[in-house]
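Asker: Numbering (the working numbering), first residue to last: 755 to 1039. Glycine residues also receive a C-beta, built at the ideal position from the N, C-alpha and C atoms. Note that the structure is predicted; figures quoted are calculated from it, not measured. Got a structure for you, written out below as structure tokens; questions coming shortly.
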């Protein structure tokens, strides 16, 4: 930018010899000063532009840092959600594995009871135990050794259908081979689980017969087993109550109350060492 300055001159000094010399000196000084001032102004403009550039860079860096912090916070939130989901899955898997273990233990207890009552003979029981599904846990997965009750003796029932043990129900668990969707385990369900559509439901005997077992068990709650004609046995497990008139050795009529359940009834049918699909025996209407 232009630079100007004023020097006061004493009156009468302009026309003196000294004044001419002073003006020459001042002219030279003015030229030098203008050059220096111009140089300083150019340096100032360069420094100003450099400062502006640096400030723009700093602003851009701050904006990038703000975006980075926002992304970092988002990633940390997602990471925490993933950790929570993994922990939930671990808990769910542990609960699910326990359910499978409990299911196996229940089937083993029921087989043992049937064996003791000579409803299933020793040879079949040994074979079934040999081929049981065993859930083996390692660090990464649960795998299958053998297949549950593979090659189990199953017989198709072709006789006349009879009444169902519950008046109103849905089939919660079907009979036969079942592939577990979580662990890809092949499981053989020897019974069906019927869920009552009302609580405290009455459980009825499905055929005329004789009571051969009625007691509490460690895994199956209260169990009643009835022997029928043609080597058929019906098993009613997970009863919450056994009817007071149910006694071992007592004859029982079709439709008689054997007990009550809150929700689920485990219902199994055998005939001369063969397992029968209970849904083939009873009417679903």
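Pick from 930, 996, 800, 807: whose alpha carbon is nearest that of residue 956?
Answerer: The candidate whose alpha carbon is nearest that of residue 956 is 996.
Asker: Residue 864 and residue 974: beta carbons closer than 9 Å?
Answerer: Yes, the pair counts as a contact, with Cβ atoms nearer than the cut-off.
Asker: Helix or strand or just coil, what does DSSP make of residue 944?
Answerer: The answer is coil: DSSP assigns residue 944 none of H, G, I, E or B.
Asker: Taking residue 874 as the reference, give the member of 1011, 988, 1013, 950 with the closest Cα.
Answerer: Closest option to residue 874, Cα to Cα, is 988.
Asker: Is the number of C-beta pairs between the region 835-846 and the region 954-973 that are closer than 8 Å three or more?
Answerer: Cβ pair count under 8 Å is below three, so no.
Asker: Would you decide whether residue 1032 is buried or exposed? Buried here means 16 or more other CB atoms lie within 10 Å of its CB.
Answerer: Result: buried.
Asker: If I measure Cβ to Cβ from residue 1002 and keep anything under 7 Å in the same chain, skipping five residues before and after, which residues do I get?
Answerer: Only 965, 966, 967, 968 meet the Cβ criterion.
Asker: Given that a residue counts as buried once 16 or more other Cβ atoms are within 10 Å of its Cβ, and exposed if not, what is residue 792?
Answerer: It is exposed - the Cβ of residue 792 has fewer than 16 other Cβ atoms within 10 Å.
Asker: So for residue 994, helix, strand or coil by DSSP?
Answerer: Residue state, collapsed to three classes: coil.
Asker: Check whether the region 942-951 touches the region 918-930, counting contact only when three or more Cβ pairs, one atom from each stretch, lie closer than 8 Å.
Answerer: Touching, yes.
Asker: Name, in chain order, the residues that DSSP records as bridge partners for residue 1022.
Answerer: In DSSP, residue 1022 forms a bridge with 989.
Asker: Taking the alpha-carbon positions, what's the residue 859 to residue 979 distance?
Answerer: Approximately 19 Å between the Cα atoms of the pair.
Asker: Does the beta-carbon of residue 867 have 16 or more other beta-carbons within 10 angstroms, so that it is buried, or is it exposed?
Answerer: It counts as buried.
Asker: From residue 817 to residue 789, what distance separates their C-alpha atoms?
Answerer: Looking at the two C-alpha atoms, the distance is approximately 42 Å.
Asker: So, at 8 Å on beta carbons, what are the nonlocal neighbours of residue 1006 in its own chain, with the 5 sequence-adjacent residues on each side left out?
Answerer: Within the same chain, residue 1006 has close Cβ partners 959, 962, 963, 964, 965, 980, 1000, 1012.
Asker: Under 9 Å, Cβ to Cβ, is there at least one residue of chain C near residue 842?
Answerer: The displayed structure is made up of one protein chain only, and chain C is not part of it.
Asker: Reducing DSSP to helix, strand and coil, say where residue 929 ends up.
Answerer: Here residue 929 sits in coil by DSSP.
Asker: Return the residue from the list 976, 1010, 998 that minimises the CA-CA distance to residue 1018.
Answerer: Taking only the C-alpha atoms, the option nearest residue 1018 is 976.
Asker: Do you know how far the Cα of residue 831 is from the Cα of residue 856?
Answerer: In a straight line, the C-alpha of residue 856 is about 37 Å away from that of residue 831.
Asker: In terms of alpha-carbon separation, which member of 1010, 833, 992, 985 lies closest to residue 971?
Answerer: Comparing Cα-Cα distances from residue 971 to each of 1010, 833, 992, 985, the minimum goes to 992.
Asker: If you follow the beta strand (DSSP E) that residue 1029 is in, where does it begin and where does it stop?
Answerer: Note, residue 1029: beta strand (DSSP E), 1028-1030.
Asker: Let's test the definition: count the other Cβ atoms within 10 Å of the Cβ of residue 912 and tell me whether it reaches 16, buried, or not, exposed.
Answerer: Classification for residue 912: exposed.
Asker: Go to residue 965, then tell me how far its beta strand (DSSP E) extends in each direction, as first and last residue.
Answerer: Segment 963-970, the beta strand (DSSP E) holding residue 965.
Asker: Keeping to the same chain, check which residues put their C-beta closer than 7 Å to that of residue 931; ignore five residues upstream and five downstream.
Answerer: Closer than 7 Å at the Cβ level, and outside the excluded window around residue 931, lie 940, 942.
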